[in-house]
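A.B. asks: This is the structure I have questions about; it appears just below.
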Ligand SMILES: Nc1ncnc2c1ncn2[C@@H]1O[C@H](COP(=O)(O)OP(=O)(O)OP(=O)(O)O)[C@@H](O)[C@H]1O
Ligand SMILES: [Mg+2]
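In our numbering, the protein residues as written are 918 to 1263.
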């Protein structure tokens, strides 16, 4: 799977790409090239976009409807209406870059308390055409909005399927992290898998990807419902979300790896092994880890700059960037890879 295309297919992202990659996808007879174009066409584009729509621009560049077949880049805020995050794989030859910062926060029209049976999230905001968002504020931990934003952005950048998210301008006048409401969560997906109504094999690659990310960010709270599973017209898909108990919520710089059997992450891993066997896709895990090491400090800085300044102190910002610049990321990834190789993390 091409990591660059993996990035394109994430939903609701600021995407910069070279139409040459799309053109090549089509001429290489990858049928899904057109479906990517169609996805963009169903989205809304605003902000820094060319005078013509991305759809027209792409088609013209690809020589599909007038114009010359030439490469040009475009940048657009793409929010596909029916965001498809599964199944579109191995496409682009040229890198496509998700460009942070986010153009505009979404503005809430109304916010209210909701019983989400959760520890850290109990509010939902309705944001008009942008839909609903589950809000994470800084009342539980000062850096919670940053943690959610950073880990969600990292997930999206490295190819972990991720629920869409945004900065939300709350009716309280503050900017908070919002997880874009997704309907149809299958809250007993593991029961369905155990009784054969759901093919666990369709989820295990993505579970492996999420687990690789969790190991890196020290997420010890991946309980079963922190894998967000939806039934998408008969096909089950899995997304990552909820990083409340990871990253800066843990001692930073990150130390050690999650092996404590009392943690949700390890308990769930063991539960899944007992019920579904050795489910890990080591290649998929390695892919994610390699993608993490490829994340440049500049990208980390961009991700941080894309959220409100007051979500981090200057000291925290400096600590993150120093750590990412120090080579510690590679050391940590190599520790995780060693644990995968010797089986201690599986
Ligand atoms: N984007 C979303 N779309 C639909 N439902 C959501 C979304 N985000 C959160 N939820 C629901 O709200 C619940 C709580 O959200 P979340 O897991 O982020 O909060 P939390 O307090 O960290 O939870 P916990 O610590 O209990 O895992 C989720 O288990 C899920 O059922
Ligand atoms: Mg949760």
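Backbone N, C-alpha and C fix where the C-beta goes; we use that ideal spot for every residue, glycine too.
Would you tell me roughly how many angstroms separate the C-alpha atoms of residue 1060 and residue 1230, rounded to the nearest one?
C.D. replies: Here residue 1060 corresponds to residue number 143 of the chain shown, with the count starting at 1. Here residue 1230 corresponds to residue number 313 of the chain shown, with the count starting at 1. Each residue's alpha carbon lies about 9 Å from the other.
A.B. asks: For the alpha helix (DSSP H) that contains residue 1236, what are its first and last residues?
C.D. replies: Taking the first residue of the chain shown as 1, we reach residue 1236 at position 319. Counting along the chain, the alpha helix (DSSP H) containing residue 1236 begins and ends at 1231–1242.
A.B. asks: Closer than 5 Å from C-beta to any heavy atom of ligand 2: which residues, in chain order?
C.D. replies: Those residues are 1143 and 1159, given in chain order.
A.B. asks: Is residue 1037 near ligand 1, in the sense that its beta carbon is under 7 Å from a heavy atom of that ligand?
C.D. replies: Here residue 1037 corresponds to residue number 120 of the chain shown, with the count starting at 1. Result yes, Cβ under 7 Å from ligand 1.
A.B. asks: For the segment 1051–1138, which segments carrying the alpha helix (DSSP H) assignment without a break, of at least 4 residues, lie completely within its bounds, in sequence order?
C.D. replies: Counting whole runs of 4 or more residues, the segment 1051–1138 contains the alpha helix (DSSP H) stretches 1061–1075, 1106–1111 and 1121–1134.
A.B. asks: Within 10 Å of its beta-carbon, does residue 1131 have 16 or more other beta-carbons around it, so buried, or fewer, so exposed?
C.D. replies: Looking up residue 1131 in the chain shown gives position 214. Its Cβ being crowded by 16 or more others within 10 Å, residue 1131 is buried.
A.B. asks: Taking 7 Å as the cut-off, does the CB of residue 1079 come closer than this to any heavy atom belonging to ligand 1?
C.D. replies: Sequence index remark: in the chain shown, residue 1079 carries index 162 (1-based). Checking the Cβ of residue 1079 against ligand 1 gives no.
A.B. asks: Taking contact to mean 3 or more Cβ pairs, one atom from each stretch, closer than 8 Å, check whether the segment 1149–1157 and the segment 1100–1116 are in contact.
C.D. replies: Yes, they touch.
A.B. asks: I'd like to know whether the C-beta atoms of residue 1222 and residue 1037 end up nearer to each other than 8 Å.
C.D. replies: Taking the chain shown and counting its residues from 1, the one referred to as residue 1222 is at position 305. Taking the chain shown and counting its residues from 1, the one referred to as residue 1037 is at position 120. No.
A.B. asks: With 16 as the cutoff for other CB atoms within 10 Å, does residue 1026 come out buried or exposed?
C.D. replies: In the chain shown, the residue the question calls residue 1026 occupies position 109. So residue 1026 ends up on the exposed side.
A.B. asks: Could you pull the start and end residues of the beta strand (DSSP E) that residue 1030 belongs to?
C.D. replies: Indexing the chain shown from 1 puts residue 1030 at position 113. Start and end: 1027–1030.
A.B. asks: With a 10 Å radius around its C-beta and 16 neighbouring C-beta atoms as the bar for buried, classify residue 1187 as buried or exposed.
C.D. replies: Within the chain shown, residue 1187 is the residue found at index 270, counting from 1. Counting Cβ neighbours within 10 Å, residue 1187 comes out exposed, since fewer than 16 surround it.
A.B. asks: Report yes if the CB atom of residue 1135 is closer than 8 Å to the CB atom of residue 1096, and no otherwise.
C.D. replies: Residue mapping note: residue 1135 aligns to position 218 of the chain shown, counting from 1. Residue mapping note: residue 1096 aligns to position 179 of the chain shown, counting from 1. Result no, Cβ atoms of residue 1135 and residue 1096 do not sit closer than 8 Å.
A.B. asks: If we call anything under 8 Å between Cβ atoms a contact, is residue 1088 one with residue 1137?
C.D. replies: Numbered from its first residue, the chain shown carries residue 1088 at position 171. Numbered from its first residue, the chain shown carries residue 1137 at position 220. No. Outside cutoff.
A.B. asks: Between the C-alpha atoms of residue 1109 and residue 1117, what's the straight-line distance to the nearest angstrom?
C.D. replies: Here residue 1109 is taken as the residue at index 192 of the chain shown, counted from 1. Here residue 1117 is taken as the residue at index 200 of the chain shown, counted from 1. So the two alpha carbons sit approximately 9 Å from each other.
A.B. asks: List the whole-angstrom C-beta distance separating residue 1093 from residue 1057, where the pair is believed to meet the contact cut-off of C-beta under 8 Å.
C.D. replies: As a position in the chain shown, residue 1093 is number 176, starting the count at 1. As a position in the chain shown, residue 1057 is number 140, starting the count at 1. In fact, because the Cβ distance is near 12 Å, the residues do not count as touching under 8 Å.
A.B. asks: Please tell me whether, using a cut-off of 7 Å, the distance from the CB of residue 1093 to the nearest non-hydrogen atom of ligand 1 is below it.
C.D. replies: Within the chain shown, numbered from 1, the residue matching residue 1093 stands at position 176. Checking every heavy atom of ligand 1 against the Cβ of residue 1093, none is found closer than 7 Å.
A.B. asks: For residue 1167, which three-state DSSP category applies?
C.D. replies: Residue numbering aside, residue 1167 sits at position 250 when the chain shown is read from its first letter. Coil, per DSSP.
A.B. asks: Consider the C-beta atom of residue 1191 and the heavy atoms of ligand 1; say whether any pair is separated by less than 7 Å.
C.D. replies: Here the question's residue 1191 lines up with position 274 in the chain shown. Every heavy atom of ligand 1 is 7 Å or more from the Cβ of residue 1191, so no.
A.B. asks: Identify the residues that DSSP records as bridge partners of residue 1049: which are they?
C.D. replies: Sequence index remark: in the chain shown, residue 1049 carries index 132 (1-based). The partner list for residue 1049 (beta bridge, DSSP) reads 1043.
A.B. asks: For residue 1133, which residues of its own chain have a beta-carbon under 6 Å away from its beta-carbon, when the five flanking residues on both sides are left out?
C.D. replies: Reading the chain shown from its first residue, position 216 is the one you call residue 1133. The residues are 1209.
A.B. asks: Buried or exposed: residue 993, going by 16 or more other Cβ atoms within 10 Å of its Cβ?
C.D. replies: Residue mapping note: residue 993 aligns to position 76 of the chain shown, counting from 1. Confidence at residue 993 is low in this model, with a pLDDT of 33, below 50, so its placement is unreliable and the value that follows should be read with caution. Classification for residue 993: buried.
A.B. asks: Taking 7 Å as the cut-off, is the beta-carbon of residue 1089 closer than that to any non-hydrogen atom of ligand 1?
C.D. replies: In the chain shown, counting from the first residue as 1, residue 1089 sits at position 172. Checking the Cβ of residue 1089 against ligand 1 gives no.
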